[in-house]
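Student: Under the numbering used here, think of the first position of the sequence shown as 2, with each following residue one higher.
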Amino acid sequence: MDYDDNLQPVPSLAESWEFSTDHKQLTLKLRQGVRFHTGRELTSADIPQNIHHAADPKTGIGNLSVMSSWITDIQTPDKYTVILSTDQPRPSLFDYLQFLNISDPETYTSPDAATKVVGTGPFQFVEWVQGDHVTLRKNANYWRSGTPLVDEQQILIFKDPQAMIAQLEASAIDGAIGPPLRDAARLKDDPGYRYVANTAAGTYTVLVVNTTLPPLDRKDVRQAINYTLDRARIADTVYLGIGGAPKDLPWTPQNPAYDAGKANVYGYDIGKAQSILQQAGVSGAQFDMILPAGGAELGSIAQILQGDLAKLNITVGIHPLDTAAYNQTALSKQGWGLNIGQSLFTQLLPSTITVLSTYFQPTGPQTGFVDE
Numbered sequence: 002m003d004y005d006d007n008l009q010p011v012p013s014l015a016e017s018w019e020f021s022t023d024h025k026q027l028t029l030k031l032r033q034g035v036r037f038h039t040g041r042e043l044t045s046a047d048i049p050q051n052i053h054h055a056a057d058p059k060t061g062i063g064n065l066s067v068m069s070s071w072i073t074d075i076q077t078p079d080k081y082t083v084i085l086s087t088d089q090p091r092p093s094l095f096d097y098l099q100f101l102n103i104s105d106p107e108t109y110t111s112p113d114a115a116t117k118v119v120g121t122g123p124f125q126f127v128e129w130v131q132g133d134h135v136t137l138r139k140n141a142n143y144w145r146s147g148t149p150l151v152d153e154q155q156i157l158i159f160k161d162p163q164a165m166i167a168q169l170e171a172s173a174i175d176g177a178i179g180p181p182l183r184d185a186a187r188l189k190d191d192p193g194y195r196y197v198a199n200t201a202a203g204t205y206t207v208l209v210v211n212t213t214l215p216p217l218d219r220k221d222v223r224q225a226i227n228y229t230l231d232r233a234r235i236a237d238t239v240y241l242g243i244g245g246a247p248k249d250l251p252w253t254p255q256n257p258a259y260d261a262g263k264a265n266v267y268g269y270d271i272g273k274a275q276s277i278l279q280q281a282g283v284s285g286a287q288f289d290m291i292l293p294a295g296g297a298e299l300g301s302i303a304q305i306l307q308g309d310l311a312k313l314n315i316t317v318g319i320h321p322l323d324t325a326a327y328n329q330t331a332l333s334k335q336g337w338g339l340n341i342g343q344s345l346f347t348q349l350l351p352s353t354i355t356v357l358s359t360y361f362q363p364t365g366p367q368t369g370f371v372d373e
């Protein structure tokens, strides 16, 4: 299934569904006549195989693996009915079903699994040339009549984002996904281009505090840092007004957890931060801040925060790390006090980020903060 803009589930491969009264069983009615790109019809027999495939840690779909483990039993009483049983009520089950793209088990268990992918979607896989491009062709048997609207897509892979923009402006390509923000801000008001923002993507930038490191283990010190974070300046000068409004909640406005009255509790207030630290008796603290290397926006945020924390007599060293080293260091909670990163999933049900995010999970989060 999918979500609409208001986070309400809408039919896709499943035409309808119904929970049991105890919410531990979900019955799905599959759409009839849906075909894989091979021409074989999708039936209920394909669903358990997809769920078991996603649950296997060796598959490499870590988030789906965790959520797949919720499902304790799968029944397929007929060709188009699937009954999922869970150990307890799982409000985030729809989030899982939205992410679970149904693939053809006959393909991903065949010798061609490493070179072919077969689904039921509007475009079918043609070619992948590593580091260069992916080619997709229209699925003539797609179940949504009248779509897709184009016959073929070729997705070019650019190592240099400026080269991508140069080709866009030369009309050598038709679109650019994830362009540099300065180019997006420059081109979005140009009548020759159309800027499309996914406002419900659930992406956010986060400042992680290592609560296992003194003096960051103190709540008042963390609050002082929160008042030192100039979100408005970051939104205007780093994200150039196209990264969303400044707020100290991760949730998108469509999320049921979003509360406009709590979205700006921590305004930028150096004076208040200084007062909190004075009352805490904390002065001259020193610690390091890590962030993924190559992210210009995150580097700019780090420099802004470093300068503002210096006003509080707090010295922060900035250490960009390559992806592998960054992930390992962040999870170790060793050698850093602050950590700037980016994450996803806040457009989903509020409980989902406690499953999918290393920042918010109840046990062993990056922050080191655990509360029974």
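Beta carbons are placed, not taken as given, at the ideal position from N, Cα and C, and that holds for glycine.
Everything numeric in this text was worked out from a predicted model, so none of it was measured.
#1: Does the distance from the CB of I84 to the CB of L14 come in under 9 Å?
#2: Is it buried or exposed for V283, if we count other Cβ within 10 angstroms and need 16 for buried?
#3: Excluding the 5 residues preceding and the 5 following Q131 in the sequence, name in chain order all residues of the same chain whose CB lies nearer than 6 Å to its CB.
#4: For Q343 and T108, I'd like the C-alpha separation in whole angstroms.
#5: So the alpha helix (DSSP H) M290 belongs to, where does it begin and stop?
#6: Can H38 and V135 be called in contact, C-beta distance under 9 Å?
#7: Output yes or no for whether 9 Å exceeds the beta carbon distance between A281 and V317.
#8: Please return the same chain residues whose Cβ sits closer than 7 Å to the Cβ of A185, not counting the five positions on each side in sequence.
#9: If P49 sits next to I75, beta carbons under 8 Å apart, how far is it from one beta carbon to the other, in whole angstroms?
#10: To the nearest angstrom, report how far apart W252 and K263 are at their CA atoms.
#11: With DSSP run on the structure shown, which of helix, strand or coil describes G369?
#12: Name, in chain order, the residues that DSSP records as bridge partners for T206.
#13: According to DSSP, simplified to helix, strand and coil, what is Y97?
#14: If you drop the 5 nearest sequence neighbours on each side, which residues of the same chain put their C-beta closer than 7 Å to that of Q33?
#15: Determine contact between the segment 319-331 and the segment 283-300, defined as no fewer than three beta-carbon pairs at a distance below 8 Å.
#16: With a 10 Å radius around its C-beta and 16 neighbouring C-beta atoms as the bar for buried, classify L101 as buried or exposed.
#17: Going along the chain, which residues of its own chain have a beta-carbon closer than 7 Å to the beta-carbon of A55, five neighbours each way excluded?
#18: Span of the beta strand (DSSP E) holding A15?
#19: Between which two residues does the beta strand (DSSP E) containing K139 stretch?
#20: Tell me where the alpha helix (DSSP H) around G436 begins and ends.
#21: Pairs of beta-carbons, one from the segment 93-100 and one from the segment 350-360, closer than 8 Å: are there three or more?
#22: From N211 to W337, what does the alpha carbon distance come to, in whole angstroms?
#23: Suppose you measure from the CA of T22 to the CA of D88; what does that come to, to the nearest Å?
#24: Check whether the Cβ atoms of L339 and S358 sit closer than 9 Å, and answer yes or no.
#25: Using DSSP's beta-bridge definition, name the partner residues of P10.
#26: Just to confirm the assignment: which complete beta strand (DSSP E) runs, minimum length 3, are found wholly within the segment 174-241?
#27: If I follow the unbroken beta strand (DSSP E) through K30, where does it start and stop?
#28: For the alpha helix (DSSP H) containing L278, list its first residue and its last residue.
#29: According to the neighbour-count rule (16 or more other Cβ atoms, all chains shown, within 10 Å of its Cβ), is V266 buried or exposed?
#30: Using a Cβ-Cβ cutoff of less than 8 Å, which residues in the same chain neighbour D161 once the five nearest sequence positions on both sides are dropped?
#31: If you run the structure through DSSP and keep just helix, strand and coil, what is Q76?
#32: If you reduce the DSSP assignment to three classes, tell me which class V127 lands in.
#33: Could you check where the alpha helix (DSSP H) with T108 kicks off and where it finishes?
#34: Among L322, A331 and G285, which has the Cα closest to the Cα of A311?
Tutor: On the basis of the coordinates in this document:
#1: For this step, residue 84 is matched to residue 83 along the sequence shown. For this step, residue 14 is matched to residue 13 along the sequence shown. In this structure, L14 does not lie closer than 9 Å to I84 by Cβ.
#2: For this step, residue 283 is matched to residue 282 along the sequence shown. Buried, since its Cβ has 16 or more Cβ neighbours within 10 Å.
#3: Counted from its first residue, the sequence shown places residue 131 at position 130. Once the five neighbours on either side are set aside, Q131 has no close Cβ partner at all.
#4: Along the sequence shown, one-based indexing puts residue 343 at 342. Along the sequence shown, one-based indexing puts residue 108 at 107. Approximately 34 Å between the Cα atoms of the pair.
#5: By 1-based counting over the sequence shown, the position of residue 290 is 289. Unbroken run through M290 is the beta strand (DSSP E), Q287 to P293; no alpha helix (DSSP H).
#6: Here residue 38 corresponds to residue number 37 of the sequence shown, with the count starting at 1. Here residue 135 corresponds to residue number 134 of the sequence shown, with the count starting at 1. For H38 and V135, no; Cβs fall outside 9 Å.
#7: For the purposes of this step, residue 281 is taken as residue 280 along the sequence shown, with counting starting at 1. For the purposes of this step, residue 317 is taken as residue 316 along the sequence shown, with counting starting at 1. Taking 9 Å as the Cβ cut-off, A281 and V317 do not qualify as a contacting pair.
#8: As a position in the sequence shown, residue 185 is number 184, starting the count at 1. So the list reads Y196 and I243, once near-sequence residues are dropped.
#9: What you label residue 49 is simply residue 48 of the sequence shown in a count that begins at 1. What you label residue 75 is simply residue 74 of the sequence shown in a count that begins at 1. The pair is a contact, with the Cβ atoms about 4 Å apart (cut-off 8 Å).
#10: The residue given as residue 252 occupies position 251 in the sequence shown. The residue given as residue 263 occupies position 262 in the sequence shown. Answer to the nearest angstrom: the Cα atoms are 11 Å apart.
#11: As a working note, residue 369 is residue 368 in the sequence shown. Residue state, collapsed to three classes: coil.
#12: Residue numbering aside, residue 206 sits at position 205 when the sequence shown is read from its first letter. Q343, per the DSSP bridge assignment.
#13: Position 96 of the sequence shown, counted from the first residue, corresponds to residue 97. Three-state DSSP puts Y97 in a helix.
#14: Taking the sequence shown and counting its residues from 1, one reaches residue 33 at position 32. In the same chain as Q33, and ignoring 5 residues on each side of it, the C-beta atoms closer than 7 Å to its own belong to Y81, in chain order.
#15: yes
#16: For the purposes of this step, residue 101 is identified with residue 100 of the sequence shown, where counting begins at 1. L101 comes out buried.
#17: Counting from one through the sequence shown, the residue named residue 55 turns up at place 54. So the list reads I62, L65, S66, S69 and L101, once near-sequence residues are dropped.
#18: Position 14 of the sequence shown holds residue 15. Looking at the DSSP string, the run of the beta strand (DSSP E) that includes A15 is A15 to F20.
#19: Here the question's residue 139 lines up with position 138 in the sequence shown. Where K139 is concerned, the enclosing beta strand (DSSP E) stretches over H134 to K139.
#20: This structure leaves residue 436 out entirely; the chain is present only between 2 and 373.
#21: yes
#22: By 1-based counting over the sequence shown, the position of residue 211 is 210. By 1-based counting over the sequence shown, the position of residue 337 is 336. Rounded to the nearest angstrom, the two C-alpha atoms are 7 Å apart.
#23: Your numbering for residue 22 matches position 21 in the sequence shown. Your numbering for residue 88 matches position 87 in the sequence shown. When rounded, the distance between both Cα atoms is 14 Å.
#24: Sequence index remark: in the sequence shown, residue 339 carries index 338 (1-based). Sequence index remark: in the sequence shown, residue 358 carries index 357 (1-based). Not in contact: L339 and S358 (Cβ atoms no closer than 9 Å).
#25: By one-based count along the sequence shown, residue 10 stands at place 9. BP columns for P10 point to Y4.
#26: 205-210
#27: Indexing the sequence shown from 1 puts residue 30 at position 29. For K30, the enclosing beta strand (DSSP E) begins and ends at Q26 to L31.
#28: By 1-based counting over the sequence shown, the position of residue 278 is 277. Unbroken alpha helix (DSSP H) run through L278: I271 to A281.
#29: Position 265 of the sequence shown holds residue 266. Result: exposed.
#30: As a working mapping, residue 161 is identified with position 160 in the sequence shown. Shown here for D161: not one same chain residue has a beta carbon closer than 8 Å to its own, the five before and five after excluded.
#31: The residue labelled residue 76 in the question sits at position 75 within the sequence shown. Strand, per DSSP.
#32: To locate residue 127, count along the sequence shown from 1; it is residue 126. Secondary structure of V127 (DSSP, three-state): strand.
#33: Your numbering for residue 108 matches position 107 in the sequence shown. Segment P106 to Y109, the alpha helix (DSSP H) holding T108.
#34: On the sequence shown, residue 311 is found 310 positions in, with the first residue counted as 1. Selected option, being the one with the closest Cα: G285.
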